[in-house]
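Structure, as structure tokens:
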Amino acid sequence: MTTTEAEATPEPALRNGPGGTEFIADLTGCDPEFTADPHPYFAKLRALGPVHRARVMDGRLGWLIVGPGEARAALKDSRFSTDARYLKAWPDMGRSAIGTTMLQADPPDHTRLRKLVSKEFTPRRIEALRSRIQEITDELLDAVVPLGSADLVKSFSLQLPLSVICELFGVPEKDRDDFHRWSSEMSAPPTPDAAQAAGEAMAGYLGALIASKRADGGDDLLSDLVRTTDAGDRLSDEELFGMAFLLLVAGHETTNNLIAGAFSLLLQHPEQLAALQADWSLLDGAIEETMRYEGPVEVSAFRYTTEPVVIGKTEIPAGEVVMAGLASASRDPERFTEPERFNILRDPRESRGHIGFGHGIHACIGAPLAKLEAGIALRTLLERCPDLALAVDPAQLPWRPPTLFLRSLERLPVRFGPAD
Ligand code: HEM
27 MTTTEAEATP EPALRNGPGG TEFIADLTGC DPEFTADPHP YFAKLRALGP
77 VHRARVMDGR LGWLIVGPGE ARAALKDSRF STDARYLKAW PDMGRSAIGT
127 TMLQADPPDH TRLRKLVSKE FTPRRIEALR SRIQEITDEL LDAVVPLGSA
177 DLVKSFSLQL PLSVICELFG VPEKDRDDFH RWSSEMSAPP TPDAAQAAGE
227 AMAGYLGALI ASKRADGGDD LLSDLVRTTD AGDRLSDEEL FGMAFLLLVA
277 GHETTNNLIA GAFSLLLQHP EQLAALQADW SLLDGAIEET MRYEGPVEVS
327 AFRYTTEPVV IGKTEIPAGE VVMAGLASAS RDPERFTEPE RFNILRDPRE
377 SRGHIGFGHG IHACIGAPLA KLEAGIALRT LLERCPDLAL AVDPAQLPWR
427 PPTLFLRSLE RLPVRFGPAD
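Under my numbering, the first residue of the sequence shown carries the number 27, and numbering increases by one thereafter.
If you want it as structure tokens, here you go:
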């Protein structure tokens with residue numbers, strides 16, 4: 027597409043609201059309805075139409091696809107690129123500080139970048155990590171269960187994936203807290219400038235870590251990536267940096283939310299918890315159902331229209347920011363019976379139909395790792411503490427202020443045994 031064509035693109039036709047009026051969804055955390063619970067909000071949007079204008083950040087407008095079929099289709103449609111070169115709607119948008127990642131690339135670059143790491147993430151390679159993940163889980167629980175009660179997020183659900191991914195990448199233990207702080211300030215900045223500052227700190231840290239692996243590589247994944255070649259192909263410095271960044275950050279906040287979310291939902295559904303404790307073959311189904319019902323990632327990463335695309339009666343012009351509603355599609359009433367009900371006994375073929383790990387070429391490469399960690403976390407703690415209970419009224423569970431992409435519990439107060 028030439029620049030002249032892009033400049034000639036007309037203003038979007040906003041015909042998606044009731045009676046043809048404009049409806050703008052607000053995903054910036056300013057709409058109390060969305061903040062309280064995004065699911066009824068998405069359901070309301072679905073009833074209005076499959077795609078809506080959405081306020082995304084700093085007053086910027088993009089588009090949100092909430093129609094389940096339309097969201098799935100968009101994630102497989104090459105007219106929705108993840109390459110920001112197509113972005114025209116936000117001309118002042120700065121360039122990302124995190125190098126080149128596969129999530130921001132189209133084929134053939136995406137294919138090449140993904141291939142260079144996909145062999146590290148096959149179910150077989152991930153299964154080989156089981157015993158180490160079990161050890162880390164046991165160590166974390168040894169430290170916290172004797173206390174009688176704790177915040178499960180801080181002491182366990184966050185620490186487990188953080189330790190696993192940092193160990194996999196050879197991030198020294200002493201740096202892990204800093205590392206987590208930067209990554210969470212980037213995804214949920216406490217102040218407007220915090221994201222930028224955290225991104226720069228993280229970039230500086232990763233640059234030094236990569237240099238140290240280059241000088242003196244070990245047997246961790248980052249050292250492997252430094253050395254990696256595929257028929258002579260290797261990662262450039264910028265690609266290596268982006269890859270490390272993406273895998274390290276994508277690999278722990280999300281998994282924390284899955285683990286904490288699964289505990290929270292099971293503890294709020296005692297009959298389902300009892301069924302699981304009586305039959306561990308239900309474990310995979312419980313994890314898939316948590317992903318479906320309360321998946322950590324609500325909307326896809328930004329897509330950019332490479333040409334005008336019509337969805338339903340709405341035309342999205344070229345060069346616009348579009349997100350696919352993953353949480354919305356995972357509650358599709360045409361695909362799931364009683365989609366608004368958490369039910370680990372659902373036929374696994376049905377619950378696996380969620381798109382909480384994405385769909386199409388960018389579907390999550392780390393899904394087998396996240397599911398393995400969640401399975402070990404759930405089974406180990408529930409076997410060790412069969413009377414595990416929430417130490418707070420479920421209505422009072424503190425959710426973090428929502429960010430555009432992630433929904434997560436701030437804390438999950440639990441008791442490890444029966445109340446005195
Ligand atoms: C419960 C945990 C996780 C969830 C819910 C999750 C979710 C997602 C989603 C929704 C996408 C697709 C984004 C899009 O298309 O816009 C994605 C992609 C990705 N995820 Fe995950 N993820 C999780 C864990 C992990 C872990 C543990 C890793 C790595 C160690 C990881 C690495 C990646 C990478 C590299 C991509 C980009 C793939 C590509 O562009 O081809 N994720 N993830």
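Positions of the beta carbon are idealized from the N, C-alpha and C atoms, including for glycine.
query: From valine 275 to aspartate 419, what does the alpha carbon distance come to, in whole angstroms?
result: 31 Å
task: Within 10 angstroms of the Cβ of methionine 349, are there 16 or more other Cβ atoms? Answer buried if so, exposed if not.
output: buried
task: Report the three-state DSSP secondary structure of threonine 28 (helix, strand or coil).
output: With a pLDDT of 38 at threonine 28, under the threshold of 50, the modelled position of this residue cannot be trusted; read the value that follows with caution. Threonine 28: coil per DSSP, three-state reduction.
- prompt: Short check: CB of threonine 127 to CB of methionine 269, under 8 Å?
  reply: A distance below 8 Å separates the beta carbons of threonine 127 and methionine 269.
field: Euclidean distance between Cα positions of valine 171 and threonine 61
entry: 32 Å
task: Give the single residue among Trp208, Arg437, Leu293 whose Cα lies nearest to the Cα of aspartate 413.
output: The shortest Cα separation from aspartate 413 among Trp208, Arg437, Leu293 belongs to Leu293.
Classification of aspartate 177 by the beta-carbon crowding that lies within 10 angstroms, buried from 16 upward: With 16 or more neighbouring CB atoms inside 10 Å of its own CB, aspartate 177 falls in the buried class.
- request: Counting only runs of 4+ residues fully inside the stretch 176–232, write out the alpha helix (DSSP H) ranges in chain order.
  value: 185–195, 202–213
message: By DSSP's criteria, isoleucine 152 is part of a beta bridge. Which residues make up the other side?
response: According to DSSP, isoleucine 152 bridges with nothing at all.
- request: Output yes or no for whether 8 Å exceeds the beta carbon distance between threonine 332 and tyrosine 112.
  value: yes
- prompt: If you drop the 5 nearest sequence neighbours on each side, which residues of the same chain put their C-beta closer than 6 Å to that of serine 434?
  reply: Asn283, Arg426
- prompt: Are the CB atoms of threonine 163 and isoleucine 402 nearer to each other than 8 Å?
  reply: For threonine 163 and isoleucine 402, yes; Cβs fall inside 8 Å.
- prompt: Is the closest heavy atom of the ligand HEM to the C-beta of arginine 140 under 7 Å?
  reply: yes
message: Here's the rule I'm using: 16 or more other beta-carbon atoms within 10 Å means buried, otherwise exposed. How should lysine 145 be labelled?
response: exposed
field: Exposed unless 16 or more other CB atoms sit within 10 angstroms - verdict on leucine 247
entry: buried
Same chain only: Cβ atoms within 7 Å of leucine 232, ignoring 5 sequence neighbours per side: In chain order, Phe267, Ala270, Phe271 place their CB closer than 7 Å to the CB of leucine 232, counting only its own chain and leaving out the 5 sequence neighbours on each side.
Top-ranked residue by Cα proximity to aspartate 57, from Leu438, Arg240, Leu430, Val440: Comparing Cα positions, the closest option is Leu430.
- prompt: Rounded to the nearest angstrom, how far is the Cβ of proline 452 from that of threonine 280, given a contact under 8 Å?
  reply: The structure shown does not extend to residue 452, since the chain is modelled only from 27 through 446, so no value can be given for it.
- prompt: First and last residue of the alpha helix (DSSP H) that includes isoleucine 140?
  reply: Inspection of the sequence shows that residue 140 is occupied by arginine rather than by isoleucine. Its alpha helix (DSSP H) spans residues 135–144.
task: Output the distance between the C-alpha atoms of leucine 90 and arginine 79, rounded to the nearest integer angstrom.
output: Their Cα atoms are separated by approximately 6 Å.
field: Own chain residues within Cβ distance below 7 Å of valine 72, not counting five before or after
entry: The amino acid at residue 72 is misidentified as valine; the sequence shows arginine. Answer for arginine 72: Val92, Gly93, Ser354, listed in chain order.
field: Nearest to glycine 392 (by Cα), restricted to the options Thr148, Asp63, Arg81
entry: Thr148
task: Would you check if the distance between the CB atom of glutamate 399 and the CB atom of isoleucine 285 is smaller than 8 Å?
output: yes
query: Unbroken alpha helix (DSSP H) runs of length 4 or more, entirely within the stretch 60–135: which are they?
result: 64–74, 94–101
- request: Note the first and the last residue of the continuous alpha helix (DSSP H) segment covering alanine 312.
  value: In the DSSP annotation of this structure, the continuous segment of the alpha helix (DSSP H) that includes alanine 312 starts and ends at 309–320.
- prompt: What is the C-beta distance between proline 365 and proline 359, in whole angstroms, given that I count them as a contact (C-beta under 8 Å)?
  reply: 5 Å
message: Counting only C-beta atoms, is aspartate 109 closer than 8 Å to chain B at any point?
response: As a matter of chain content, chain B is missing from the structure shown, which is built from one protein chain.
- prompt: Is proline 149 near the ligand HEM, going by C-beta to nearest heavy atom under 7 Å?
  reply: Result no, Cβ not under 7 Å from the ligand HEM.
task: Run through the stretch 354–423 for me and flag every whole alpha helix (DSSP H) of 4 or more residues, listed as ranges in chain order.
output: As far as the stretch 354–423 is concerned, its whole alpha helix (DSSP H) runs of at least 4 residues are 374–377, 393–410.
- prompt: Taking the DSSP output, what are the residues bridged to tryptophan 425?
  reply: Leu435
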